[in-house]
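> The structure that follows is given in the form of structure tokens.
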Amino acid sequence: MGLLKKENDLLDTNDLLIVFDDEKRTSDINAVTAVDGDAVIVAGLYKVPLQDCEITNSKEGRNFFYRAPSRSITETERLAQLEMNEVLKQITAYEKPIPPTSMDWTKGLLIGLIFMAFIVLGIVAA
Numbered sequence: 003m004g005l006l007k008k009e010n011d012l013l014d015t016n017d018l019l020i021v022f023d024d025e026k027r028t029s030d031i032n033a034v035t036a037v038d039g040d041a042v043i044v045a046g047l048y049k050v051p052l053q054d055c056e057i058t059n060s061k062e063g064r065n066f067f068y069r070a071p072s073r074s075i076t077e078t079e080r081l082a083q084l085e086m087n088e089v090l091k092q093i094t095a096y097e098k099p100i101p102p103t104s105m106d107w108t109k110g111l112l113i114g115l116i117f118m119a120f121i122v123l124g125i126v127a128a
């Protein structure tokens, strides 16, 4: 029960990704949807390398600061969109498995062999 509580506590944090555009002197603040081993992800907007972030803690959760030039920001946005599109393509490209249409040769030969054995036993017994 203690392990489940810890996992739920991790999901209830309010982690933020704060992206600074050094060239334009602007920032964008978004809620983090996932943090994997090497990236901070805001679904559909950003996928930023974790090692490029400065991480601080607040009362609500962690703050990931990413300082980058405009070109890097547009590239991370493009990669996040591409990754999201690939996931959606894989989800929608599901095809049902095709059931076998013909009888397996091994089964056919075994059924034929059993049938022949009954015929031979019927002739021998009569």
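Mind the numbering: the sequence shown is residues 3 to 128 in this note's numbering, read in order. Ideal placement from N, C-alpha and C gives every residue a C-beta, glycine not left out.
Going along the chain, which residues of its own chain have a beta-carbon closer than 6 Å to the beta-carbon of ASP17, five neighbours each way excluded?
Counting only Cβ-Cβ distances below 6 Å, and skipping sequence neighbours, we find VAL34, GLY63, ARG64.
> By the DSSP assignment, the beta strand (DSSP E) with VAL42 in it spans what residues?
From DSSP, the beta strand (DSSP E) with VAL42 extends over 41–44.
> Tell whether a beta-carbon distance below 8 Å holds between ALA70 and VAL21.
In contact: ALA70 and VAL21 (Cβ atoms closer than 8 Å).
> GLU56 bridges to which residues according to DSSP?
Paired residue(s): PHE67.
> Return the first residue and the last residue of the alpha helix (DSSP H) that ALA119 is part of.
Note, ALA119: alpha helix (DSSP H), 107–127.
> How about the stretch 106–114 and the stretch 45–65: do they share at least three Cβ pairs that are nearer than 8 Å?
No, the stretch 106–114 does not touch the stretch 45–65.
> Please state the DSSP three-state secondary structure of VAL1.
A question about residue 1 goes unanswered here, because the residues of the chain that appear run from 3 up to 128.
> Quick one: Cα of PHE67 to Cα of LEU19, how far?
Roughly 6 Å separates the two Cα atoms.
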